[in-house]
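Working notes, beginning with the structure itself.
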Amino acid sequence: MRFEDDPHPMMIRILFFAKAREAAATDEILLPLESAPDSSRLWDYLVVQFPQLAAMRDSIRLSRNSQFVQDTEGFAAGDEIALIPPVSGG
Amino acid sequence: MAIDVQILSEALHWPERLDSQSGAVVRFTGVVRDKEDGRSISGLDYEAYRTMAELQIRQILEEIRREHFFHEAVVLHRIGFVPAGEAAVLVEVRSSHRGEAFDAVRIFMERLKQDVPIWKIGAK
Numbered sequence: 002m003r004f005e006d007d008p009h010p011m012m013i014r015i016l017f018f019a020k021a022r023e024a025a026a027t028d029e030i031l032l033p034l035e036s037a038p039d040s041s042r043l044w045d046y047l048v049v050q051f052p053q054l055a056a057m058r059d060s061i062r063l064s065r066n067s068q069f070v071q072d073t074e075g076f077a078a079g080d081e082i083a084l085i086p087p088v089s090g091g
Numbered sequence: 076m077a078i079d080v081q082i083l084s085e086a087l088h089w090p091e092r093l094d095s096q097s098g099a100v101v102r103f104t105g106v107v108r109d110k111e112d113g114r115s116i117s118g119l120d121y122e123a124y125r126t127m128a129e130l131q132i133r134q135i136l137e138e139i140r141r142e143h144f145f146h147e148a149v150v151l152h153r154i155g156f157v158p159a160g161e162a163a164v165l166v167e168v169r170s171s172h173r174g175e176a177f178d179a180v181r182i183f184m185e186r187l188k189q190d191v192p193i194w195k196i197g198a199k
């Protein structure tokens with residue numbers, strides 16, 4: 002789901018949920034696309050900015066515009082990326 | 076509509092409707108228990124990534140429907156504080172015969188607990 006009225010067209014939005022939100026102490030950040038053009042580079046950024054996330058990295062899945070990210074997939078300006086810790090609905 | 080998905084912050088109620096094509100209606104209720112890790116609780120807090128959760132639930136149901144054909148499915152999931160004894164999730168599947176409806180509900184609940192971004196975030 003793209004955020005259509007984004008005033009920063011070369012940015013991506015990163016959402017944090019549940020234990021990832023608690024670890025990062027924020028629920029949302031904006032990043033320049035060039036800082037995080039794919040999952041690997043995003044994680045490089047996240048573990049530096051939010052060291053508490055490092056231990057959770059293997060259990061957290063990423064989504065891009067509400068679909069789980071495939072390993073080799075790149076991001077695009079306007080994307081909404083989310084950190085999805087193990088789910089526990091129902 | 077064949078598939079109805081809603082994430083709600085209020086008590087859940089079964090939809091009422093007449094449908095003469097389905098010989099089987101299977102309903103599952105997921106209820107918050109009054110114990111968590113051995114201690115008594117008054118309820119659980121749930122959080123959802125709402126847009127993704129609704130999309131994923133819909134996709135999972137469409138996928139299941141290709142193998143276990145059903146006419147209609149309704150999934151209602153509650154978020155926020157859910158008191159013990161109340162429903163966190165309602166799933167209703169209507170199909171011609173019981174086999175497909177039972178299978179679809181069981182498979183859906185397994186997938187919900189793996190791939191739908193909804194979390195229990197704490198007990199009170």
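Residue numbers (this note's numbering), protein chains in the order written: chain A, 2 to 91; chain B, 76 to 199. Backbone N, C-alpha and C fix where the C-beta goes; we use that ideal spot for every residue, glycine too.
A buried status is given to P86/A, since no fewer than 16 other beta-carbon atoms sit within 10 Å of its beta-carbon. Straight-line measurement puts the Cα of Q50/A at about 13 Å from the Cα of E29/A. Using a Cβ distance threshold of 8 Å, G118/B and V180/B do not count as a contacting pair. Contact of I82/A with chain B is not assigned, every C-beta pair being separated by 8 Å or more. Following the DSSP letters along the chain, one finds K195/B inside the beta strand (DSSP E) bounded by residues 193–198. Assigned with DSSP and collapsed to three states, Q71/A falls in coil, not helix or strand.
Taking one beta carbon from each stretch, the segment 76–84 of chain A and the segment 130–137 of chain B have fewer than 3 pairs nearer than 8 Å; the two do not touch. Cβ-Cβ distances below 6 Å link R186/B to I135 in the same chain, with the five nearest sequence neighbours on each side left out; the list follows chain order. At least one beta carbon of chain B lies nearer than 8 Å to the beta carbon of V88/A. The contact set of P158/B on chain A, defined by CB atoms closer than 7 Å, is empty, because the minimum CB distance reaches about 16 Å. Listed as beta-bridge partners of H152/B by DSSP are I82/B, V164/B. Of the residues assessed, P52/A falls on the exposed side of the cut-off, its CB having fewer than 16 other CB atoms within 10 angstroms. Relative to V166/B, the option among G155/B, E147/B, G174/B whose CA is nearest is E147/B. Contact check between the segment 59–72 of chain A and the segment 95–105 of chain B: fewer than three CB pairs, one atom from each, fall below 8 Å, which does not count as touching.
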